[in-house]
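Working notes, structure below.
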Amino acid sequence: MGEFEVHRVRFFGLVPAGVRCLACQPRGSRLALARTDGAVEVYNFAANYYQEKVIPGHDARAVESLCWAAGDRLFGAGLGGDITEYDLSRLSAARAADGAGGPIWSMAANGTGTQLAIGCEDGSVKIFQVVPGGIQFERNLDRRKGRVLCLSWHPSDTHIAAGSIDVFRVIDVASGQTVQRIMVNYHVEKVKRECVVWAIALLSRGTVVTADSFGRVQFWDWQQGTLSESHTVSTSAVLSLAVAEKEDSIVVGTSTGATYQLQLLPVKLGGSEKRWVRTKPFQHHSHDVRAVAHSPTALISGGLDAQLVIRPLMEKVQKKGYDAVLRKFTFPHRRLVSCARKARLLLFQFSQHLELWRLGSTKETGKDGEVLPLCRMPEHLVQLKSKGPEHIYCSCVSPCGTWLGYSTTSRFHLYRVRCDGISLRKV
Amino acid sequence: YLLCASGDFVKVYSVATEETLRLMGGHADLVTGIQLNPHNHMQLYSSSLDGSIKLWDFMDGIPIKTFTVGCNLLALYTLASAEDSVFVVIPKKGERDTYQLVSVKLTKGAGQDLEAKELSVVLDGVGASPKQIAFGREGEYVVSVKEVNLQVYFFKRKLLNRFSLRAAKTKGGDNQFSCVACHPTEDCIATGHADGKIRLWRNFHHRKEYTYSTLHWHHDIVMDLAFSVEGTRLLSGGVESVLVQWHNESSCQKDFLPRLGSPIEYITMSSDGALCCTLHTDNRITIINSNLRFSRSIQGLIKSRDVKTGLVVDPRTKALVMNGEPGHLQFYCLQSDQQLFSLDIVQRQYIHEAGLKQSDLVKVAFSAQGTWLATVEEREEVTDPELELKLWFYEEETQSFKLNTRINTPHDNHITDMCFRDMGELEDDSLILVTTGRDCVFKVWVMVEDTDPEGKYAQQSVSWSCDFVGSYHNYQATNCCFSEDGSLLAVSFEETVTVWDSVTWDLKCTFCHPPGNIRNICFGRLTCSKYLIGATDYGFLCCWNLLTCALEWSAHLNVVVLQPDPLSEHIAAVSWLSKESSLFVFKPNEPRPIYIQRNLCKEKILLAAFVPRDEPETTGSEKHLWLRKSQLLFLTDTQELMTLSTKPLEERLTASSKQLAVEESLPVTPFSLLLGKHRRQQSQEDTDLGKLVVHNKHEQASPAVKELLHTPAHVLPSASFLCPIFINSLLISKENKSAEEVADEVEMESEKTEDDSDEERDITEMEQEDTSHIELLGEMTCKLSKSQEKELRKIRKMDYSWISAF
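Quick note, the sequences are listed as chains A and B, same order.
For the first sequence, the numbering used here assigns the number 1 to the initial residue and increments by one for each residue that follows.
For the second sequence, the numbering used here assigns the number 1 to the initial residue and increments by one for each residue that follows.
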């Protein structure tokens with residue numbers, strides 16, 4: 001090993017965007033992730049959770065919900081009120097359709113992937129048909145007051161459960177009518193607080209699972225309209241919920257950063273009676289866990305602290321290997337820093353701007369591990385703001401430090417840098 | 001009833017009255033487990049280290065059967081589904097510290113003593129504690145935990161699953177199992193851990209897909225767990241002295257019952273779910289309602305960490321006084337085996353934490369009449385001990401001690417001894433307290449009357465202040481003692497004993513017996529008051545004559561405890577030599593001991609005290625003459641309290657096989673066991689006193705009352721019928737005649753009450769004369785009421801006897 005001067009770069013103030021939603025490809029091996037800045041990332045389980053694709057964010061496109069439909073088509077919907085289909089080969093938003101119901105809070109695809117349901121600010125639930133080359137509005141379901149925060153299809157596609165504030169309802173898809181409406185804040189303490197149903201799941205046996213802002217995970221028999229079980233998993237809100245495909249395990253994320261697993265376990269060995277039991281708590285996040293997903297072998301959670309955590313279920317993993325390791329994606333898996341070696345410059349990429357810094361230098365030499373005094377402090381040379389709503393996808397600086405380039409999804413920009421800090425645009 | 005194993009005995013307590021109803025003895029060693037017979041709830045199995053299992057009828061206290069197994073039994077479990085076999089934990093043959101769970105087939109036989117040799121091993125490598133094994137729902141499986149491993153064995157499928165947790169202690173976590181409990185109706189196992197976590201295991205019939213959830217409140221080891229009868233509630237307890245109730249296995253809903261006094265050792269639920277019991281390390285059972293309200297407690301002698309105060313007898317109540325709970329003084333009544341009360345001396349919140357220095361009580365002394373109490377507390381700091389001397393005055397109105405004077409830092413170093421001048425009647429003005437300290441001085445404290453200048457509080461108040469400070473050649477003062485008449489004070493300074501005049505505080509003379517420091521000193525009493533006894537480190541017991549100022553005699557004896565009897569001239573000395581304690585009792589005027597008991601016990605005896613008897617023992621043989629007026633008690637280093645019994649073996653009431661001349665009275669050793677399942681079940685290490693041999697006197701006085709209360713209600717005649725018997729028995733023997741009549745009548749009427757009437761007659765054969773007019777009355781009524789029914793007649797008759805009684 002040769003001798004190195006190690007620069008302690010403490011001036012890259014990147015604020016990573018938190019994870020807003022997660023979507024597992026049904027029967028597939030991919031996971032789509034949307035961040036709060038609108039960026040969408042695709043991970044591949046089969047390839048060791050490799051970050052396959054990144055679609056950079058867009059100012060006008062805040063993604064609230066993602067879902068896979070018709071095999072490998074990825075749709076996103078957001079508070080902009082549009083449903084966007086992503087072109088995964090060109091890493092851009094392909095087509096957008098207006099939801100016509102104000103901001104979209106939730107979206108869910110049915111079991112076969114042929115229909116999308118969206119929940120809107122105005123309280124409507126709309127069904128869109130997924131057709132080749134786009135989506136087509138099909139019908140409006142029963143509209144009630146209150147924004148629809150979460151949606152879930154019954155596995156047989158006959159019903160939709162929609163959660164909103166203080167209440168959730170079950171809608172028959174064929175008739176479009178609300179067949180059950182259940183108040184979730186029925187026996188809560190006198191404090192008049194609204195109870196937000198943050199997440200909902202409709203299970204095949206007719207159980208509705210709701211996660212609400214009182215920290216409860218509740219199991220309802222929607223046909224009877226009765227509460228069958230209630231688990232207070234947290235003192236703060238439960239924000240997200242995901243059900244395993246076999247419907248024997250549920251993972252929930254709370255606003256304290258903890259995730260919990262609930263399992264359907266037999267009450268007696270060999271007996272048929274089963275009950276949901278809260279089993280394992282995990283505390284991997286420091287902030288709200290806004291999104292969880294349940295793959296066959298792992299619990300996946302993403303939080304506002306921008307971490308994506310994949311926690312394998314040991315009992316489901318067949319052999320010890322890469323699958324059995326707890327993974328944490330704590331930093332961006334992209335090159336955000338580029339270095340001009342000769343000019344001793346560093347280029348930092350942010351979502352909307354670039355920063356060019358000159359590294360500090362020293363004249364002293366010292367032994368291993370010694371901290372050398374700087375004779376010249378690091379210097380912030382240029383801050384370059386990108387134009388337009390699109391976020392920067394990648395950036396680079398030439399080794400000599402005179403050329404600087406970045407690109408968005410649609411455009412590429414190249415700049416020339418003079419040492420005294422004058423920039424020059426070039427197409 | 002509450003059953004609990006205590007030493008070699010099984011005790012039956014009444015839950016309603018906290019009274020010890022019965023004491024069932026018969027085991028030759030520690031009782032390690034008791035379980036109710038699942039097929040007959042009036043019967044109880046008990047196992048013992050002596051290798052036998054006994055079946056009892058605990059209602060009557062009769063042993064029904066004895067099964068000899070042959071090896072040490074460490075725990076006992078019964079199962080309703082396992083017909084005539086029980087499960088015991090035995091040590092594995094040929095290996096140390098490994099134990100196995102075996103099932104024992106209890107052979108059916110006619111005899112009382114049976115052999116049970118059919119053993120079959122169920123589980124290997126189990127823990128020795130009875131808390132570490134539990135049987136699951138309807139006996140389908142058995143769970144055992146040890147260290148970080150959990151084993152589940154399913155009886156039907158013959159399947160053994162083992163799970164283990166990570167042994168590494170990460171982030172302060174410690175996964176060692178401490179206890180286990182099984183859900184009564186569901187397949188759920190609760191385990192307690194050394195770091196205070198409770199894990200609830202489910203799905204454990206899968207080797208891989210097992211799962212558990214965690215409940216965490218305790219900050220230190222979870223001592224015991226218990227499920228409620230329905231299984232909806234889980235109770236846990238630990239060193240925090242807080243009982244935690246978890247609802248529906250959720251960590252958010254929990255209730256607490258705090259301030260239970262001392263760490264919880266065991267928890268059991270009654271089978272009807274109405275009560276639960278916690279057993280504490282300080283030798284107490286607490287009974288708690290199902291709504292987590294404290295109901296009552298059964299308190300024995302508190303085992304404190306260190307009895308620093310010594311055994312002191314309260315002259316007023318004749319109770320034994322020593323350290324109780326931390327910072328408290330306990331008053332313990334020997335006769336009733338009950339704590340009379342506990343006096344908070346330190347008056348500070350006790351915080352349980354290892355390594356935290358706490359103020360504790362180190363010395364206590366009573367004045368002769370018991371009106372003054374002096375206590376010394378200190379905070380253990382290595383360099384600078386924080387000392388406080390408190391003087392308490394006994395208030396008649398409140399019947400308790402009230403703090404009078406508080407003296408901060410009475411000495412600069414540890415206080416080694418303290419005594420009052422006993423002056424009998426002269427009391428108040430002559431009351432003097434002497435303290436000796438390691439700061440080389442002894443101090444004399446006297447009462448001063450401070451009259452309040454303001455007329456409002458005209459009454460005189462009294463406080464204590466220092467009067468005299470004495471020292472001798474800058475040696476550390478170790479012991480002090482007043483002579484019987486209070487005129488002389490003896491203070492020992494390392495190797496030397498100094499004698500001071502208590503009026504002028506002049507040094508009278510010194511005694512010395514080098515080499516070795518003086519360990520104990522005491523004056524002789526009554527006829528021997530001219531002698532001063534001292535014991536030294538080097539194993540000498542010396543007797544000095546105060547008149548001649550010369551050594552009278554000395555003996556080579558390693559005396560640990562020197563205790564004079566306050567009511568006679570006898571002095572008891574306990575020696576510790578080659579791992580056994582011996583007792584010598586002597587009079588100071590003759591060098592030959594009058595009583596020697598070698599090999600008193602294996603433990604080192606730390607303290608001894610003479611407790612005056614209520615009435616002098618009469619039947620004592622020549623040898624035990626010295627025990628006539630007082631009872632001698634010892635406290636060993638394992639905190640067992642022992643007493644010497646005067647009666648020969650045969651006279652003992654218990655039919656126990658093991659009865660040494662010394663009766664073990666307070667085995668406070670920390671074992672205790674799970675109990676039966678009838679109405680109240682419980683486990684306990686407790687106190688059984690040598691009170692068996694003592695008094696029945698009061699009860700003899702009213703056998704009628706006794707019978708009345710002890711006969712089952714369904715065989716008793718009507719209440720109106722019994723009323724006169726009851727009343728008569730309470731009256732003095734004048735009315736005996738009428739009682740007899742009634743008794744006869746009862747006998748005629750129903751044979752069931754025969755017992756009662758027999759008893760009645762025993763007492764009524766004394767006086768005849770006075771009662772003639774009653775007889776007359778009785779006859780009259782007979783004539784008058786011939787046509788009437790028999791019953792009516794009886795009632796009439798009783799009415800008259802009533803009148804006559806007045």
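Heads up, the beta-carbon is just placed ideally off N, CA and C, and yes, glycines get one too.
Being a predicted model, the structure only gives us computed values, none of them experimental.
Excluding the 5 residues flanking it on each side, G123 (chain A) has same chain C-beta neighbours closer than 8 Å at R143, R144, K145, G146, R147, V148, S164, in chain order. Selection B:K602, B:A608, B:E603, B:L557 evaluated against P566 (chain B) yields B:A608 as nearest (Cα-Cα). S106 (chain A) sits close to E64 (chain A), with the two beta carbons spaced by under 8 Å. DSSP places M447 (chain B) within a strand segment (E or B) once states are collapsed to three.
Closest option to L225 (chain B), judged by alpha-carbon separation, among B:D255, B:H206, B:R293, B:I189: B:I189. The C-alpha of F482 (chain B) lies about 5 Å from the C-alpha of L489 (chain B). In this chain, N283 (chain B) is not harboured by any beta strand (DSSP E), its DSSP state being neither H nor E.
With distances taken between CA atoms, S29 (chain A) lies nearest to A:A298 out of A:V15, A:A298, A:R344, A:A109. Annotated as proximal: G324 (chain B) and S342 (chain B), with beta-carbon spacing under 8 Å.
Here the alpha carbons of A181 (chain B) and D195 (chain B) stand approximately 17 Å from one another. Per DSSP, the continuous beta strand (DSSP E) segment holding G253 (chain A) begins and ends at 249 to 254. In this structure, V292 (chain A) sits near A242 (chain A), with a CB-CB distance shorter than 8 Å. The beta carbon of N283 (chain B) sits no closer than 8 Å to any beta carbon of chain A. Taking one beta carbon from each stretch, the region 45 to 62 of chain A and the region 82 to 100 of chain A have 3 or more pairs nearer than 8 Å; the two touch.
For C375 (chain A), the three-state secondary structure derived from DSSP is coil. Looking only at B:T68, B:K93, B:G51, the smallest Cα-Cα distance to Q112 (chain B) is reached by B:T68. Cα atoms of S359 (chain B) and V346 (chain B): separation of roughly 7 Å, rounded to the nearest angstrom. Take T256 (chain A), set aside five residues on each side of it, and the residues of its chain with a beta-carbon closer than 7 Å to its own are S234, S236, in chain order. Residues of the region 252 to 282 of chain B with a C-beta atom less than 8 Å from some C-beta of chain A are C252, Q253, listed in chain order. Here G139 (chain B) carries a helix assignment [DSSP, helix/strand/coil]. Residues of the region 184 to 199 of chain B whose Cβ lies closer than 9 Å to any Cβ of chain A, in chain order: T185, E186, D187, C188.
Taking 8 Å as the CB threshold, S213 (chain B) lines the interface with chain A. Residue range 605 to 612 is occupied by the beta strand (DSSP E) that includes A609 (chain B). Closer than 9 Å at the C-beta level to chain B, one finds no residue of the region 286 to 300 of chain A.
CA-to-CA, the gap between I127 (chain A) and R344 (chain A) works out to about 56 Å. Look at S250 (chain B): its C-beta is under 8 Å from a C-beta on chain A. The beta-carbon of E209 (chain B) is placed less than 8 Å from the nearest beta-carbon of chain A. In the structure shown, N161 (chain B) adopts extended strand secondary structure according to DSSP, grouped into three states. For the C-beta of R202 (chain B), the chain A residues within less than 7 Å are, from N- to C-terminus, L265, V277. Distance from the Cα of L403 (chain B) is smallest, within the candidate group B:W464, B:N413, B:P410, B:T435, for B:W464. Residues of chain A with a Cβ closer than 8 Å to the Cβ of R137 (chain B) are, in chain order, K268.
By the neighbour-count criterion, in which 16 or more other beta carbons inside 10 Å mark a residue as buried, S204 (chain A) falls on the exposed side. Between S241 (chain B) and I264 (chain B), the CB-CB gap stays under 8 Å. As computed with DSSP, Y475 (chain B) is found in no beta bridge at all. With its beta carbon at least 8 Å from every one in chain A, H218 (chain B) lies outside the interface. Secondary structure at I90 (chain B): strand, using DSSP grouped into helix, strand and coil.
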